[in-house]
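**Q** Residue numbers (our numbering): 14 to 302.
For glycine and all other residues, C-beta sits at the position ideal for the given N, C-alpha and C.
This one's a predicted model, so the numbers in the text were calculated from it and none came from an experiment.
Pasting a structure below so you can have a look.
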Amino acid sequence: MGAQYDRSEENLGNIVALEHINVLVPDQRPATLFYMAGLGLTRDPYLMASVTNMWANCGKSQFHTPHGAPQVLRGTVGIVLPSRDELLDRLKKVKPHLKGTAFSYKAKNDHVDTTCPWGNRIRVHEPDRKRFGRMQLGMPYIEFDVPNGTARGIARFYNEIMATPAKVKGDAAHVSAGPNQEMIFREKKGKQAKYDGHHVAIYIADFSGPYDRLAERGLISRETDQYEYRFQDIIDLDTGKVLFVIEHEVRSMTHPLAFRPLVNRNPNQSNTNFAAGHETTSWSLPTGA
Numbered sequence: 014m015g016a017q018y019d020r021s022e023e024n025l026g027n028i029v030a031l032e033h034i035n036v037l038v039p040d041q042r043p044a045t046l047f048y049m050a051g052l053g054l055t056r057d058p059y060l061m062a063s064v065t066n067m068w069a070n071c072g073k074s075q076f077h078t079p080h081g082a083p084q085v086l087r088g089t090v091g092i093v094l095p096s097r098d099e100l101l102d103r104l105k106k107v108k109p110h111l112k113g114t115a116f117s118y119k120a121k122n123d124h125v126d127t128t129c130p131w132g133n134r135i136r137v138h139e140p141d142r143k144r145f146g147r148m149q150l151g152m153p154y155i156e157f158d159v160p161n162g163t164a165r166g167i168a169r170f171y172n173e174i175m176a177t178p179a180k181v182k183g184d185a186a187h188v189s190a191g192p193n194q195e196m197i198f199r200e201k202k203g204k205q206a207k208y209d210g211h212h213v214a215i216y217i218a219d220f221s222g223p224y225d226r227l228a229e230r231g232l233i234s235r236e237t238d239q240y241e242y243r244f245q246d247i248i249d250l251d252t253g254k255v256l257f258v259i260e261h262e263v264r265s266m267t268h269p270l271a272f273r274p275l276v277n278r279n280p281n282q283s284n285t286n287f288a289a290g291h292e293t294t295s296w297s298l299p300t301g302a
């Protein structure tokens, strides 16, 4: 008999992809400096090409930054980028241009903590097959700061309402959100920041099941169109108490934008060191890497 494997490690829940995080920004210029020149992401060349919105590709996921009063995620977005040294060099170069903003960065042992010009925290990891599978470029997690005592109820909400695996580890609920992706709800002491309307987008396989369960409890916040609906209250299923608020843009697998290929450039390629065939970056590590 061949090698034995834990087949359950490959199970997916109903949430099959963490597609984007959306925060408003008042100025696209510093957003471009941070996301494109600093982090080294890629502006979507096909959609939102004007000055009022920008979609920044990060592997198979995106950051959306429509124009408006700045929004700040109550937590941290985790991303994977190929090279720590090259990231630090890019961040050093944009630092003078972002003087006077909330921009900052700090290298830690196994990651680099960055802060966008308006205070959003982005934690950058290098590829790590044990933690992130074959992801070389992407968004493996979003971690939300939630009130003490809410992790268990949040995990149950996603298990029963969204039909996706969720478990409590220590002080955090870990919710499966696709291959090598998860939403983490970590309990934090102290007063919660006021919710300002930022949102996260997910794709789900069973589109109607969660809708029916949410609608039964009066939790649908927007009937967008045939392919999308939204909700924002995560509740205790016994008492109805709101545990945490974050708008979910819930998309069907038949959504017109579902899994379209995203362009990811090689940020270290320039006009002075150009090498044909090295213009793009793959989101995944080679097999066996």
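Rounded to a whole number of angstroms, what is the C-alpha to C-alpha distance between A288 and P280?
**A** 13 Å
**Q** In or out: L270 buried (at least 16 other Cβ within 10 Å) or exposed?
**A** exposed
**Q** In the DSSP assignment, find the unbroken alpha helix (DSSP H) run with A44 in it and report its ends.
**A** Following the DSSP letters along the chain, one finds A44 inside the alpha helix (DSSP H) bounded by residues Q41 to T45.
**Q** Provide the residue span of the beta strand (DSSP E) that contains L31, from first to last.
**A** I28 to N35
**Q** With DSSP as the reference, label M152 as helix, strand or coil.
**A** strand
**Q** Let me check understanding here. Comparing Cα to Cα, which of P274, I248, V276 and E236 lies closest to E262?
**A** Of P274, I248, V276 and E236, the residue nearest in Cα terms is E236.
**Q** So G26 and S74 are supposed to be a Cβ contact under 8 Å. How far apart are they, rounded?
**A** So it is not a contact: roughly 17 Å between Cβ atoms.
**Q** If distances are taken between C-alpha atoms only, which option among H33, R42, P160 and G162 comes closest to H110?
**A** R42
**Q** Quick one: give me the first and last residue of the alpha helix (DSSP H) that E229 is part of.
**A** S221 to E229
**Q** So, F157 versus I197, is the Cβ gap smaller than 8 Å?
**A** It is a contact, given that the beta carbons lie within the stated cut-off.
**Q** Whole angstroms is fine: what's the gap from T45's alpha carbon to L60's?
**A** 15 Å
**Q** Secondary structure at H268, three-state DSSP: helix, strand or coil?
**A** coil
**Q** Does the distance from the C-beta atom of L250 to that of E173 stay below 8 Å?
**A** Result yes, Cβ atoms of L250 and E173 sit closer than 8 Å.
**Q** Would you call the stretch 82 to 90 in contact with the stretch 163 to 177, where contact means no fewer than 3 C-beta pairs closer than 8 Å?
**A** At 8 Å Cβ cutoff, the stretches do not touch.
**Q** Do you know offhand how far S297's Cα is from H212's?
**A** 26 Å
**Q** Just curious, the alpha helix (DSSP H) that V125 is in, first and last residue?
**A** Run containing V125: none in the alpha helix (DSSP H); it sits in the beta strand (DSSP E), V125 to T128.
**Q** Which partner residues of Q75 appear in the DSSP bridge assignment?
**A** H33 and N70
**Q** Leaving out five residues on either side along the sequence, give the residues of the same chain with a beta carbon under 6 Å from the beta carbon of K119.
**A** D126
**Q** Taking a contact to mean a Cβ-Cβ separation below 8 Å, would you say Y154 touches E99 in this structure?
**A** no
**Q** Does the Cβ-Cβ distance between T78 and V38 come in under 8 Å?
**A** Taking 8 Å as the Cβ cut-off, T78 and V38 qualify as a contacting pair.
**Q** Which first and last residues belong to the beta strand (DSSP E) in which Y242 is found?
**A** E241 to I248
**Q** Taking the beta strand (DSSP E) that G91 belongs to, which residues open and close that run?
**A** Where G91 is concerned, the enclosing beta strand (DSSP E) stretches over G88 to V93.
**Q** Please classify A190 as buried or exposed, where buried requires at least 16 neighbouring CB atoms within 10 angstroms.
**A** buried
**Q** So, is G113 buried or exposed, given that buried needs 16 or more other C-beta atoms within 10 angstroms?
**A** exposed
**Q** Which one of A50, N193 and L104 has the shortest CA to CA distance from K143?
**A** Ranked by Cα distance from K143, the options A50, N193 and L104 are led by N193.
**Q** For D19, does the count of other Cβ atoms within 10 angstroms reach 16, so buried, or fall short, so exposed?
**A** exposed
**Q** Classify R10: buried if its beta carbon has 16 or more other beta carbons within 10 angstroms, exposed otherwise.
**A** A question about residue 10 goes unanswered here, because the residues of the chain that appear run from 14 up to 302.
**Q** In the DSSP assignment, what are the bridge partners of V159?
**A** E200
**Q** Using only the alpha-carbon positions, how far apart do P58 and G253 sit?
**A** G253 has its alpha-carbon roughly 43 Å from the corresponding atom of P58.
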